[in-house]
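**Student:** Chains as they are written, first to last, in our numbering: chain D, 1 to 591; chain S, 592 to 909. Think of the CB as a built atom: it goes at the ideal place given N, C-alpha and C, for glycine as much as any other residue.
Next up, the structure:
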C-alpha cells in the first residue's frame with residue numbers, strides 16, 4: 001500500500017454509511033431549521049502565517065494523483081490538487097480543522113427540522129476557468145453529483161450521497177437525474193433525502209464531488225467509457241492545470257508532473273483562500289523519499305508531499321526548526337479483537353488484553369513519538385467529540401498505563417474465570433497482518449503482549465492489499481485479531497468514524513466488513529441512532545459518550561493517533577491543512 | 592543472409608505472440624489479481640465489480656478477450672488504459688522511451704569503452720600490480736548495488752545535496768533543456784548504471800583474451816613479426832570480443848524494460864520508473880504494456896546481435 005493510502009486505510013466502502021440509520025430518539029427533533037455544521041464553539045483555531053503574493057513552488061511527490069476528476073478521486077494526494085483547483089460547496093481551511101468553510105456555498109447549509117431537506121445557497125459571480133469561462137450555477141453541482149454515480153465516472157464514496165431521493169445505492173450504468181436535487185434558481189440547491197440524515201449529509205458536502213461540473217462541456221467526455229473528463233477537467237478555484245483552447249490538460253503528464261497556474265477567472269473576493277503562489281509544479285515521480293526530503297530541506301522553493309523518511313525526522317528539531325510542521329491525521333490505528341470468537345468473546349479477557357498492552361512499544365514499531373500520540377480511546381485529537389471522549393486522558397484502569405499493567409490485566413483475567421491471572425484455555429489467537437513493516441512490526445508487538453497473558457498466538461503475514469480484503473474484512477476467515485488496522489476521516493464528523501467500525505447493524509458477513517471486531521451491542525447501536533440526529537455541541541457530546549461506551553466494551557486496542565510531518569525549503573512559508581494532512585497549496589507562500 | 596534475417600524476423604513475431612499470450616494468461620486468467628477490483632478502488636460492492644467487468648469487457652469469453660487483446664496490440668499497438676488513472680498506456684509509454692534509450696545507450700557506451708579497455712589492459716599486463724588493481728576495482732564495482740552507488744554518488748557529488756557539488760543530481764534530467772543539457776544531467780546516472788556492467792565486461796574480456804592470446808594463430812601472428820598492439824587489437828580482440836557482443840545485446844534489451852533502480856534514484860522519467868509505479872500500485876494494464884515492450888526489446892536486440900555476430904565471426908555462417 002502506498003504511503004498516502006495509509007491514511008485512508010480502511011476507509012473502504014462507506015456502505016456502512018451514516019445513511020442507514022433508523023430514526024429513533026425523535027424527541028430530540030428541533031422546531032426550526034438549523035445550520036448544518038458539526039462546529040464546536042471551543043474548537044481549536046490555528047494561526048496561519050501571512051504570505052507574500054507571487055512565486056513558483058515545486059512539490060516533490062513519490063507518486064501520481066489517482067484522478068484529477070473531482071467525481072472520481074478518493075485519495076489524499078488527489079484531494080490536495082483538487083482543493084486547489086476546484087470550489088466544492090464547503091472545504092476546510094487550515095485555520096480550523098473542525099468547522100468547514102463555505103467555498104462555493106454562500107453560508108452554512110440549512111437543515112430542515114425533519115432532517116430530510118438540506119438547502120445550500122451558492123455565491124454569485126464564481127466563474128469557471130478557460131475554456132468554459134461562464135458563471136457557476138446550481139445545476140452544475142447537480143450534474144456533478146449525478147455523474148458521480150455513473151460507472152463511467154466511477155464515484156467511490158456513493159454511500160455518503162445515496163440518501164438523495166432518486167440516487168441509486170451504487171454506481172449505475174446509465175446517467176440518471178435525481179428528483180432529490182432541486183435547483184429552484186441558479187444560486188439555490190435543495191437536497192431532498194429519503195431518510196432523516198441531513199446532519200451527516202451536510203457534513204459530507206466538503207467532499208470533492210460537490211465541485212461544479214459544466215454539463216454542456218463535460219457531457220461528451222462523460223459519455224466515454226471510462227469518462228475522459230479526468231484529462232479535460234475544468235477548474236473553478238484559484239488554480240487550474242495548464243490546458244489548451246479545447247480544455248485538454250497540457251500541464252498534466254501522468255506519472256511525471258502537474259503544472260498548476262492561476263485561474264484567470266478566479267475572483268479572490270469570492271474565496272477565503274489567499275492563493276499566494278503564481279505557479280505550482282508537482283513532480284509526481286520523486287520516488288526516492290530520502291533523496292527528495294534532502295533536496296527539499298537544503299533546496300529552495302520546494303515542499304515534500306508527505307512524511308519524510310524516519311531517519312530524517314530526528315534531524316528536523318535540531319537542524320530545520322522552521323521548515324516543518326506536524327498535523328494530526330484525523331484517524332487512529334488499532335488492533336481489533338473479534339468479539340464473536342473465543343477467547344475475545346469475553347469482555348473481561350478483552351479488558352485484560354488492553355491492560356497488558358504496551359502501546360508505547362506498538363508506537364515505536366511504527367516509528368516512535370514523531371509519527372503520533374499514544375491513543376487512549378478512539379476519536380482522534382482536533383476532531384469533533386475528542387474532548388468529550390476524554391481528550392488525552394482516560395478513566396479506564398485498563399487504558400491508564402501506556403506501557404501496560406500486569407496487575408490490572410491479572411484482575412480482569414481472574415474476572416474472566418482464570419484464577420491464575422493468565423489464560424488457561426486451549427484457544428489459539430490467530431492474527432493476520434501485512435508482510436511488510438510497519439504492519440508486520442506492530443503485529444509482532446501485539447503477539448508479544450498476548451503471550452504475556454499466556455495466549456498461544458499464530459501470526460500470519462500476507463501481502464498488504466490482502467490484509468483487509470481477503471482476511472480482516474471477511475468474518476468467515478475467523479481472524480481473532482487484525483494486526484494492522486486503521487480508520488481515517490473523510491470529513492470532521494464523529495459519526496463517519498464510529499458507525500462503520502463499531503455499529504452492529506453494519507456488520508457484513510459476506511465480506512467488505514469494516515466492523516472488524518464485529519461488535520454488536522444494541523445499546524451502542526441505539527445511542528448511535530440517537531446521536532445521528534443531533535447537531536453542534538450536543539452532537540459532539542453524544543458521539544464522545546459513544547466513544548466511551550465502546551471503550552467500556554473493549555473491542556479494540558487503539559494505540560496511536562497518527563500525525564503527519566510536512567517539510568519545506570527555508571524560503572517557503574509552509575501551511576499544513578489538518579483536513580487531509582498535506583501542505584495546503586492555497587495558503588503556502590514563498591518568503 | 593537476407594533469408595536468415597527474414598526467418599528471424601518471422602520468429603520474432605511468433606515469439607511476440609507467445610509472450611503476449613503468456614502475459615495475457617498471467618494478468619487476466621491466473622488468479623493474480625482482479626482487474627475490476629483494481630479499477631474499482633476501495634472495497635467495492637459485488638454489483639459495482641460486475642459493472643466494471645462489463646465495462647472492461649472482462650465478462651466476455653476468454654478467447655474473445657484474447658483476440659481483442661492481440662488485435663489491439665498488433666494492429667494498433669494499443670496497450671489499453673491504466674487501471675489506476677484511466678490514462679492510455681501507449682502514449683505514456685512512448686513518452687518514457689526516449690529517456691530510457693538515452694540512459695541505456697549512453698551507459699552502454701561508457702561500460703563498453705571502460706570495460707573493454709580495462710579487460711585488455713588486465714590481460715596484457717596479466718599478474719602485474721595494474722592487473723590486480725583493475726580486477727580488484729572490478730570486483731568492488733560488481734559488489735556495489737546500483738541503488739547504493741546512486742545514493743552515494745548523489746550524497747557526494749550532486750550539485751544540490753552533495754558534499755562536493757560537481758554534477759547534476761536527482762531530477763536534473765527533467766529540468767534539462769536540449770540534448771546536451773540532458774546528456775549533462777545523465778553523466779552521473781551513466782557512471783552509476785555502467786559501473787557493474789563495465790566490471791563484468793572487463794572480467795569477461797580479460798578471461799577470453801587470455802585464452803585467445805595463447806592460441807596457435809596468435810603465436811603465428813607474433814612469429815610473423817606483427818606488432819603486439821596489432822596482435823592484441825586486431826587478432827585477439829576480434830575473437831575474444833564476440834561473446835561480449837552477445838551479452839551486450841541482451842543487456843541492452845533487458846534494460847529497455849527500464850533501469851528501474853537508476854531511474855528511481857535519479858528520478859528519470861523512463862520506462863523503468865513507469866513500470867515501478869505500475870507494480871507498486873498494482874496497475875496491471877501498465878505492467879502488461881511495459882512487459883510487452885521489454886520482450887520486444889529483448890527479441891529485437893537478440894536479432895541484431897545474431898546479425899552482428901555473423902559479420903564479426905567469419906566462422907559463423909547462416
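Measuring alpha carbon to alpha carbon, tell me which of 166/D, 138/D, 377/D and 284/D ends up nearest residue 396/D.
**Tutor:** Of 166/D, 138/D, 377/D and 284/D, the residue nearest in Cα terms is 377/D.
**Student:** Which class does residue 70/D belong to by DSSP, given the choice of helix, strand or coil?
**Tutor:** Coil.
**Student:** On a Cα-Cα basis, can you pick out the residue from 530/D, 539/D and 456/D that is closest to residue 422/D?
**Tutor:** Residue 456/D is the option with its Cα nearest to residue 422/D.
**Student:** Would a check of beta-carbon distances place residue 499/D closer than 9 Å to chain S?
**Tutor:** With 9 Å as the cut-off, residue 499/D does not count as an interface residue toward chain S.
**Student:** Under 9 Å Cβ-Cβ, which residues of chain S neighbour residue 253/D?
**Tutor:** Chain S residues near residue 253/D: 683, 686 and 860.
**Student:** Between the segment 216–248 of chain D and chain S, which residues of the former have CB atoms less than 9 Å from a CB of the latter, in chain order?
**Tutor:** Result list: 225, 226, 227, 228, 230 and 231.
**Student:** Take residue 541/D and list the residues in its own chain whose beta-carbon comes closer than 7 Å to its own, dropping the five residues that flank it on each side.
**Tutor:** Around residue 541/D: 388.
**Student:** Ignoring anything shorter than 4 residues or poking outside the segment 134–191 of chain D, list the alpha helix (DSSP H) runs there in chain order.
**Tutor:** As far as the segment 134–191 of chain D is concerned, its whole alpha helix (DSSP H) runs of at least 4 residues are 138–148.
**Student:** Going by Cα to Cα distance, which pick from 130/D, 221/D, 117/D and 170/D is closest to residue 182/D?
**Tutor:** Minimum Cα distance to residue 182/D is reached at 117/D.
**Student:** Would you say residue 171/D lies against chain S (beta-carbon separation less than 9 Å)?
**Tutor:** Chain S contact via Cβ: present.
**Student:** Within a Cβ cutoff of 6 Å, which residues of the same chain sit near residue 251/D, ignoring the five residues on either side of it in sequence?
**Tutor:** Hits under 6 Å: 241, 242 and 259.
**Student:** Can you tell me the Cβ-Cβ gap for residue 70/D and residue 209/D, rounded? I've got them flagged as a contact below 8 Å.
**Tutor:** With 8 Å as the limit, residue 70/D and residue 209/D qualify as a contact, their Cβ atoms being about 6 Å apart.
**Student:** Confirm, please, whether the CB-CB distance from residue 217/D to residue 197/D is below 9 Å.
**Tutor:** Going by C-beta atoms, residue 197/D is not nearer than 9 Å to residue 217/D.
**Student:** Any beta carbon of chain S sitting closer than 9 Å to that of residue 160/D?
**Tutor:** So, not an interface residue.
**Student:** Starting from residue 601/D, follow the alpha helix (DSSP H) in both directions and report where the run begins and ends.
**Tutor:** An answer regarding residue 601/D cannot be provided, because it is not within the stretch 1 to 591 covered by chain D.
**Student:** Tell me which residues share the same chain as residue 870/S and place their Cβ nearer than 7 Å to its Cβ, disregarding the 5 neighbours each side in the sequence.
**Tutor:** Same-chain partners within the cutoff: 878.
**Student:** Using a Cβ distance threshold of 8 Å, determine whether the segment 815–832 of chain S contacts the segment 648–656 of chain S, with at least three qualifying pairs required.
**Tutor:** With the cut-off at 8 Å, the segment 815–832 of chain S and the segment 648–656 of chain S do not touch.
**Student:** From residue 490/D to residue 202/D, what does the alpha carbon distance come to, in whole angstroms?
**Tutor:** Distance between the alpha carbons of residue 490/D and residue 202/D: 13 Å.
**Student:** Looking at C-alpha atoms only, which residue of 777/S, 724/S, 771/S and 729/S is the closest neighbour of residue 856/S?
**Tutor:** Of the listed residues, the one whose Cα sits closest to residue 856/S is 777/S.
**Student:** Rounded to whole angstroms, what is the Cα-Cα separation between residue 442/D and residue 449/D?
**Tutor:** Whole-angstrom Cα-Cα distance: 11 Å.
**Student:** Could you spell out the range, first to last residue, of the beta strand (DSSP E) harbouring residue 240/D?
**Tutor:** Note, residue 240/D: beta strand (DSSP E), 239–241.
**Student:** In this structure, does DSSP put residue 41/D in helix, strand or coil?
**Tutor:** With a pLDDT of only 37 at residue 41/D, under 50, the local geometry of the prediction cannot be trusted, and no value is derived from it.
**Student:** For a contact meaning CB atoms closer than 8 Å, what does residue 548/S contact in chain D?
**Tutor:** Because chain S spans 592 through 909 in this model, residue 548/S falls outside it and cannot be assessed.
**Student:** Output the boundary residues of the beta strand (DSSP E) element that contains residue 543/D.
**Tutor:** Careful: residue 543/D lies outside any beta strand (DSSP E), inside the alpha helix (DSSP H) at 536–553.
**Student:** Find the residues of chain S that neighbour residue 67/D, judging by a C-beta separation of less than 8 Å, and give them in chain order.
**Tutor:** Simply 676 and 677.
**Student:** Cα separation between residue 37/D and residue 99/D?
**Tutor:** For residue 37/D, the predicted structure reports a pLDDT of 42, less than 50, and the residue's modelled location is therefore unreliable. A value from the coordinates is still provided. Roughly 7 Å between the two C-alpha positions.
**Student:** Where does residue 757/S sit, in a helix, a strand or coil, going by DSSP?
**Tutor:** Coil, per DSSP.
**Student:** For the segment 739–764 of chain S, list every residue whose C-beta sits within 9 Å of some C-beta in chain D, in sequence order.
**Tutor:** Here the close residues are 741, 742, 745, 746, 749, 751, 752, 760, 761 and 762.
**Student:** Just to confirm my understanding: we take residue 172/D, look at its own chain, exclude 5 residues before and 5 after, and list those with CB closer than 8 Å. What are they?
**Tutor:** The answer, listed in chain order, is 149, 150 and 151.
**Student:** Given a threshold of 16 other Cβ atoms within 10 Å of its Cβ, counted over all protein chains shown, does residue 739/S qualify as buried or as exposed?
**Tutor:** By the neighbour-count rule (16 or more Cβ atoms within 10 Å), residue 739/S is not buried but exposed.
**Student:** Provide the residue span of the beta strand (DSSP E) that contains residue 382/D, from first to last.
**Tutor:** Counting along the chain, residue 382/D falls outside any beta strand (DSSP E), and DSSP gives it neither H nor E.
**Student:** Would DSSP call residue 783/S helix, strand or coil?
**Tutor:** If DSSP states are grouped into helix, strand and coil, residue 783/S belongs with the helices.
**Student:** Could you compute how far the alpha carbon of residue 328/D sits from the alpha carbon of residue 365/D?
**Tutor:** Whole-angstrom Cα-Cα distance: 19 Å.
**Student:** Pick helix, strand or coil for residue 815/S, following the three-state DSSP scheme.
**Tutor:** Looking at residue 815/S - three-state DSSP - the assignment turns out to be coil, as it is neither helix nor strand.
**Student:** Do residue 761/S and residue 295/D have their CB atoms nearer than 9 Å?
**Tutor:** For residue 761/S and residue 295/D, yes; Cβs fall inside 9 Å.
**Student:** Quick check on this structure: which residue in 379/D, 333/D, 383/D and 384/D has the alpha carbon closest to the alpha carbon of residue 363/D?
**Tutor:** Checking every option, the nearest Cα to that of residue 363/D belongs to 333/D.
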